[in-house]
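Enquirer:
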Amino acid sequence: MRKALKIIGITLLIILALLVAIPFAFQGQIQNIVKRYINQNLNAKVAFSNVSLSFIRSFPQAHVSVNDLVITNFEPFKDETFATAKDISFTMSINELFKTASEEPIVVNSITVDEALLTLKTDKFGNNNYDITKATEAETTTEESTGFTFDIKDYNIKNSAFMYVDEGANITINVTELNHEGHGTFSAETSELDTKSKANVSITLDSTNYLNNNPIKLDALIGLNLETQTYTFKENKGFINDLPLEFEGFVQLVENGQLIDISFENPESDFKNFLAVIPKTYSKNIENVETSGDFKVKGIIKGLSSEETIPNLDISITSNNAAFKYPDLPKRVSNIAIDTRIKNETGNIDDTYIAIKALNFKIDEDVFKSSATLKNLTKNMLVNANIDGVLNLANITKVYPVELENTLSGILKGKLTTSFDMNALETNAYERIKNNGFVGITDVVFSSEDIVNPIHISTANVSFNPGTVTLETLKAKTGESDFSATGTINNLLGFLLSNNTLKGNFNVNSNLFKVSDFMTAEQTATENKTTNDTESLKIPSFLDCTLNANAQTVAYDNLNLKNVTGTLFIKDQTATLKNMTSTIFNGALSVSGNVSTKENTPVFNLSLNANGFDIAQSFKDLELFQNLAPIAKLLQGKLNTSLSFSGALDKEFSPIMNSISGDAIAELLATRIGSNQSELMNKLEASLDFLDFDKLDLKDVKTKLEFADGKVAVKPFNFKYKDIEVEVSGAHGFDKTLNYNAVFNVPAKYLGSEVNRLIGKINDAEVNTLTIPVTANISGVFTSPTVKTDLTSGIKNLTNQLLEIQKQKLLNQGKDKVKDLIGDVIGSNKTKTDSIKQQQDNTVKNVLNDIIKSKKTQDSTTTDGTKSTEKVIKNVLGGLLGRNKKEKDTVK
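In terms of the UniProt record's numbering, the sequence shown is residues 1 to 892.
1) Along the alpha helix (DSSP H) that carries residue 397, what are the first and last residues, could you check?
2) Given that a residue counts as buried once 16 or more other Cβ atoms are within 10 Å of its Cβ, and exposed if not, what is residue 62?
3) Please report the straight-line C-alpha distance between residue 258 and residue 463, rounded to a whole angstrom.
4) Taking its Cβ as the centre, do 16 or more other Cβ atoms sit within 10 Å of residue 692, making it buried, or is it exposed?
5) In angstroms, rounded to a whole number, what distance separates the CA positions of residue 300 and residue 236?
6) I'd like the list of long-range same chain contacts for residue 89, defined as Cβ closer than 6 Å, with 5 residues on each side in sequence excluded.
7) Let me know the secondary structure DSSP gives residue 848 once reduced to three states.
8) For the pair the segment 332-343 and the segment 373-384, tell me if three or more CB-CB distances fall below 8 Å.
9) Drop a sphere of 10 angstroms on the beta-carbon of residue 760, count the other beta-carbons inside from all chains shown, and report buried for 16 or more, exposed for fewer.
10) Helix, strand or coil: how does DSSP classify residue 632 here?
11) If you run the structure through DSSP and keep just helix, strand and coil, what is residue 709?
12) If you follow the alpha helix (DSSP H) that residue 277 is part of, which residue opens it and which one closes it?
13) Look at the Cβ atom of residue 352, then the Cβ atom of residue 344, and state whether they are nearer than 7 Å.
14) Give a yes or no on contact between the segment 419-430 and the segment 487-497, applying the rule of three or more CB pairs nearer than 8 Å.
15) Since residue 170 contacts residue 205 with CB under 8 Å, what's their CB separation in whole angstroms?
16) In the DSSP assignment, the beta strand (DSSP E) including residue 92 goes from what residue to what residue?
17) Once the 5 residues before and after residue 164 are set aside, which same chain residues still bring their CB inside 6 Å of it?
18) Can you list, in chain order, the residues of its chain whose CB lies under 6 Å from that of residue 230, leaving out five sequence neighbours each side?
19) Within the continuous alpha helix (DSSP H) that includes residue 427, where are the two ends?
20) For a test of the three-state rule: what should DSSP assign to residue 381, helix, strand or coil?
21) Using only alpha-carbon positions, find the residue among 93, 126 and 679 that is nearest to residue 167.
22) Specify, as a first and last residue, the run of the beta strand (DSSP E) that residue 685 falls within.
23) Is it buried or exposed, residue 755, if we count other Cβ atoms within 10 angstroms and call 16 or more buried?
24) Using only CA atoms, which one of 241, 184, 73 and 156 lies nearest to residue 221?
25) According to the neighbour-count rule (16 or more other Cβ atoms, all chains shown, within 10 Å of its Cβ), is residue 798 buried or exposed?
26) Look at the Cβ atom of residue 517, then the Cβ atom of residue 481, and state whether they are nearer than 7 Å.
27) Spell out a yes or no on whether the segment 284-293 and the segment 303-317 are touching, meaning 3 or more CB-CB pairs, one atom from each, closer than 8 Å.
28) Taking its Cβ as the centre, do 16 or more other Cβ atoms sit within 10 Å of residue 750, making it buried, or is it exposed?
29) Does the pairing of the segment 507-516 with the segment 544-558 give three or more beta-carbon distances under 8 Å?
30) Alpha helix (DSSP H) containing residue 552: first to last residue?
31) Can you tell me whether residue 703 is buried or exposed, with buried defined as 16 or more other CB within 10 angstroms of its CB?
32) In terms of alpha-carbon separation, which member of 277, 734 and 254 lies closest to residue 216?
33) If you compare alpha carbons, which of 48, 793 and 560 is closest to residue 773?
34) Going by DSSP in three states, residue 295 sits in which element: helix, strand or coil?
35) Note the first and the last residue of the continuous alpha helix (DSSP H) segment covering residue 692.
36) For residue 364 and residue 321, which I take to be in contact (beta-carbon distance under 8 Å), what is that distance rounded to the nearest angstrom?
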């Protein structure tokens with residue numbers, strides 16, 4: 001017995017080993033089968049990572065798997081992916097593995113597809129990306145054909161997706177999370193197929209979503225007649241969301257399409273079925289909702305579906321005198337009436353129309369009624385609509401469990417009729433847009449996390465006229481700000497229904513407009529929260545409008561602009577400001593320019609004119625002015641300036657200073673300087689004793705600036721201090737670094753007591769006109785500057801000039817005395833007494849001595865000039881720098 005068991009065990013192990021090992025021997029055979037089928041049947045590029053064979057997974061049958069399948073189209077859909085699948089598995093008899101290409105087709109018993117994505121596409125020229133099967137003579141001679149045939153008992157599609165796109169008809173069907181299984185016999189002429197399907201379905205026609213990721217479920221028993229290719233719905237039940245539907249009828253494949261005859265309806269008439277249609281995300285739990293009235297969906301789809309025709313349609317959705325109330329909400333919706341028909345009586349898709357005869361409801365005493373018809377759905381859709389009703393916006397959340405992102409309250413009233421075609425909206429053919437009526441709101445309060453203060457609209461009235469919409473009145477407040485507006489909108493319906501540009505003209509008025517009332521409150525980051533970088537504010541691309549603004553006061557940060565007027569043009573993501581005028585800093589301001597948000601980083605280009613600005617106040621409050629002329633904040637007086645500049649803006653719409661470039665011209669009016677507030681002024685006064693900034697008047701000084709890359713270049717400009725001519729030029733950075741030169745043409749009399757003593761000895765008017773250039777170089781940073789002057793060389797130059805003048809004067813005096821003496825000698829009276837003669841001789845001696853002394857002085861100056869000059873300069877500098885100790889003057 002033990003021996004028998006041992007033999008049996010060994011035999012089983014051998015069989016198991018063979019079942020595991022044999023598939024490796026057939027690996028190449030299986031790949032050849034798959035490649036042969038692809039080459040014979042598909043006109044597309046096919047790739048897969050692996051083909052595997054197992055005898056264990058579906059024993060006693062063989063199990064073949066194709067992994068990571070990718071099918072890519074050729075022209076005219078070149079390189080577009082037609083289908084992918086993680087895994088496709090087939091089961092078949094082991095005998096099928098031994099068939100060669102010359103034998104009959106291989107029979108497949110079951111198929112499983114896992115994580116597949118199939119894309120069917122028809123382009124606007126009518127080309128289909130699924131026409132990838134090869135057309136060969138074998139199609140008409142089936143007995144000679146080779147490949148696969150299907151004798152399927154069951155099949156599965158797991159976690160897959162499907163998309164159908166028809167560019168010509170503008171239809172998109174998207175099926176996701178598809179799970180489908182079927183069991184039955186396909187080989188018999190008549191049989192039954194038991195199927196179960198679940199998926200999420202979206203259907204879009206001409207940009208209108210008829211289903212939006214709605215869950216659909218279908219359990220169907222389908223009768224198969226393979227001889228007539230007819231598929232009959234026997235026992236079935238489907239669900240759209242939670243709305244149950246039952247089907248009857250058949251689909252038959254015919255030569256030119258599919259012949260369809262299907263009817264369906266919801267088996268129950270409770271109004272709760274209507275709530276079941278709404279996605280659960282919005283309807284929440286409807287199990288305990290109180291409802292009354294009925295809700296019926298009934299339809300017939302009958303006719304030929306082909307490339308030219310669709311089946312006739314007659315679908316109705318009705319409800320009469322219905323109501324509902326959620327258990328946790330205080331109010332109910334009553335008097336609900338729905339009467340909608342979807343019809344097509346010709347088979348021409350363009351003749352399909354939707355008639356909403358009634359869509360009415362009542363909340364408290366507020367009644368809302370509407371009706372509409374939509375025709376020519378697939379081409380130039382024709383719309384007629386009527387709205388008449390009152391709605392308290394605060395009641396929306398009191399009757400329905402909707403979670404609004406923003407809080408609403410107030411009363412909406414409207415009575416409106418409209419008639420238009422979509423082409424008229426798209427082409428702005430206003431003569432074909434017929435509007436008549438009004439919409440008004442009162443006491444509306446809108447609040448959101450995105451705004452600091454709730455917006456309270458006390459009243460707003462809009463009238464609808466053919467081609468235009470008029471904003472008759474708008475009065476609103478938020479925070480401390482108030483504003484009112486009137487205007488016109490040219491294509492509101494085109495904007496709402498066709499994504500057209502919104503065009504309009506508006507007049508906006510405000511007594512007080514605080515910018516901070518409209519800005520988003522800053523969020524504080526915490527350890528438990530992470531913040532993401534936000535994109536820069538974008539000017540909407542859909543706006544094309546003009547705003548004429550008038551505000552008594554506009555408050556921005558610490559700035560208060562008075563009597564603001566101007567025009568703002570918004571178009572193509574660009575806001576252009578024209579002739580904006582205001583009073584600020586006790587002066588007048590005018591601004592023109594634009595801001596564009598087309599690129600990722602917003603840019604601006606502005607021109608600014610200021611007249612009579614208070615210098616101290618404007619340079620204290622305006623960062624741009626502080627960077628352009630940091631020293632100007634020390635000035636007291638008024639300023640005129642013209643400024644043109646451009647640059648980039650950060651995410652908060654503040655200028656990025658290092659990106660700014662431009663130029664400016666400034667004129668100072670009645671200005672004086674407060675030097676005691678500046679380290680720079682104090683150092684200049686300490687270096688140049690003749691300066692007293694308290695007496696400096698900069699009236700009528702004009703300067704020109706150029707700036708780029710964070711650097712400001714100041715063109716040379718001139719002013720006068722007393723009778724000292726001054727020229728200033730240089731540059732500084734937005735980082736407050738300095739590099740300036742100030743050249744003072746200083747009269748000699750300002751250079752101290754020693755120089756004045758020399759001037760007094762010379763006693764010549766020419767000396768009073770002498771000036772020397774003194775250059776002060778200013779570097780470092782504004783808060784800690786460095787001042788250097790060239791006084792030493794200037795004083796040396798001046799001293800030499802004074803000595804030269806003194807020498808020339810003495811020489812000229814000596815020459816004059818000699819001339820006088822000679823004249824006296826020649827014309828003298830020989831009868832004079834001896835005493836007079838002696839006196840004249842003494843005079844001649846003195847003059848000659850002076851001449852000789854002058855010559856000696858000249859020689860001494862030549863030989864000892866350096867020593868003498870240094871002595872004089874030392875004395876002069878001592879006086880210039882305010883020294884009390886004076887050395888004895890050696891120059892006589």
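Even glycine gets a Cβ: it sits at the ideal position worked out from N, Cα and C.
Expert: Judging by the given coordinates:
1) Translated into the one-based positions of the sequence shown, residue 397 becomes position 397. Unbroken alpha helix (DSSP H) run through residue 397: 396-399.
2) For this step, residue 62 is matched to residue 62 along the sequence shown. By the 16-neighbour rule on beta-carbons within 10 angstroms, residue 62 is buried.
3) For the purposes of this step, residue 258 is taken as residue 258 along the sequence shown, with counting starting at 1. For the purposes of this step, residue 463 is taken as residue 463 along the sequence shown, with counting starting at 1. Within the model, the alpha-carbon separation for residue 258 versus residue 463 is close to 50 Å.
4) Numbered from its first residue, the sequence shown carries residue 692 at position 692. Here residue 692 is exposed. Its C-beta has fewer than 16 other C-beta atoms within 10 Å.
5) In the sequence shown, residue 300 corresponds to position 300, counting from 1. In the sequence shown, residue 236 corresponds to position 236, counting from 1. Straight-line Cα distance between these residues: approximately 16 Å.
6) In the sequence shown, the residue the question calls residue 89 occupies position 89. Excluding positions up to five away in sequence, the list reads 65 and 112.
7) Translated into the one-based positions of the sequence shown, residue 848 becomes position 848. Note that residue 848 scores 37 on pLDDT, short of 50, meaning its location in the model is unreliable; the coordinates nonetheless yield the value given after this. Helix at residue 848.
8) The segment 332-343, when compared against the segment 373-384, does not touch it at the 8 Å Cβ threshold.
9) Taking the sequence shown and counting its residues from 1, the one referred to as residue 760 is at position 760. It is exposed - the Cβ of residue 760 has fewer than 16 other Cβ atoms within 10 Å.
10) Counted from its first residue, the sequence shown places residue 632 at position 632. The answer is helix: DSSP assigns residue 632 an H, G or I state.
11) The count along the sequence shown starts at 1 and reaches residue 709 at position 709. Residue 709: coil per DSSP, three-state reduction.
12) As a first step, residue 277 must be located in the sequence shown, where it is residue number 277. Here the alpha helix (DSSP H) through residue 277 covers 272-277.
13) Against the sequence shown, residue 352 aligns to sequence position 352. Against the sequence shown, residue 344 aligns to sequence position 344. In terms of Cβ geometry, residue 352 and residue 344 form a close pair [threshold 7 Å].
14) As far as the Cβ criterion goes, the segment 419-430 touches the segment 487-497, which means the pair count is three or higher.
15) Along the sequence shown, one-based indexing puts residue 170 at 170. Along the sequence shown, one-based indexing puts residue 205 at 205. The C-beta separation of residue 170 from residue 205 comes to about 7 Å, placing the pair in contact by the 8 Å criterion.
16) Counting from one through the sequence shown, the residue named residue 92 turns up at place 92. Note, residue 92: beta strand (DSSP E), 81-92.
17) Locating residue 164 in the sequence shown gives position 164, counting from the first residue. Sequence-distant Cβ neighbours of residue 164 in its own chain, meaning closer than 6 Å and more than five residues away, are 120 and 173.
18) Here residue 230 corresponds to residue number 230 of the sequence shown, with the count starting at 1. Its chain contains 250 and 252 as the residues whose beta carbon lies nearer than 6 Å to that of residue 230, once the 5 sequence neighbours on both sides are disregarded; these appear in chain order.
19) Here residue 427 refers to the residue found at position 427 of the sequence shown. Per DSSP, residue 427 belongs to the alpha helix (DSSP H) from 422-427.
20) As a working mapping, residue 381 is identified with position 381 in the sequence shown. If DSSP states are grouped into helix, strand and coil, residue 381 belongs with coil.
21) Stepping through the sequence shown from its first residue, residue 167 is reached at position 167. Ranked by Cα distance from residue 167, the first of 93, 126 and 679 is 126.
22) Taking the sequence shown and counting its residues from 1, the one referred to as residue 685 is at position 685. Following the DSSP letters along the chain, one finds residue 685 in no beta strand (DSSP E) but inside the alpha helix (DSSP H) bounded by residues 679-687.
23) Counting from 1 along the sequence shown, the entry for residue 755 is found at position 755. So residue 755 ends up on the buried side.
24) Walking along the sequence shown from the start, residue 221 turns up at place 221. Out of 241, 184, 73 and 156, 184 has the C-alpha closest to the C-alpha of residue 221.
25) On the sequence shown, residue 798 is found 798 positions in, with the first residue counted as 1. Classification of residue 798: buried, given that the 10 Å Cβ count is 16 or more.
26) Taking the sequence shown and counting its residues from 1, the one referred to as residue 517 is at position 517. Taking the sequence shown and counting its residues from 1, the one referred to as residue 481 is at position 481. The Cβ-Cβ distance between residue 517 and residue 481 falls below 7 Å.
27) Counting C-beta pairs closer than 8 Å gives fewer than three between the segment 284-293 and the segment 303-317, which falls short of the contact rule.
28) On the sequence shown, position 750 is the one that residue 750 refers to. Per the 10 Å Cβ criterion, buried.
29) The segment 507-516 makes contact with the segment 544-558, as at least three CB pairs between them are under 8 Å.
30) As a first step, residue 552 must be located in the sequence shown, where it is residue number 552. Per DSSP, residue 552 belongs to no alpha helix (DSSP H); it is in the beta strand (DSSP E), 543-556.
31) In the sequence shown, residue 703 corresponds to position 703, counting from 1. By the neighbour-count criterion, in which 16 or more other beta carbons inside 10 Å mark a residue as buried, residue 703 falls on the buried side.
32) The residue given as residue 216 occupies position 216 in the sequence shown. Of the listed residues, the one whose Cα sits closest to residue 216 is 277.
33) Residue 773 sits at position 773 when you count from the first residue of the sequence shown. Looking at 48, 793 and 560, the one whose alpha-carbon comes closest to that of residue 773 is 793.
34) Stepping through the sequence shown from its first residue, residue 295 is reached at position 295. Three-state result, residue 295: coil.
35) Here the question's residue 692 lines up with position 692 in the sequence shown. Neither: residue 692 is in no alpha helix (DSSP H) and is coded neither H nor E.
36) As a first step, residue 364 is located in the sequence shown; it is residue number 364 there, counting from the start. As a first step, residue 321 is located in the sequence shown; it is residue number 321 there, counting from the start. For residue 364 against residue 321, the beta-carbon gap comes to about 17 Å, at or over 8 Å, which does not count as contact.
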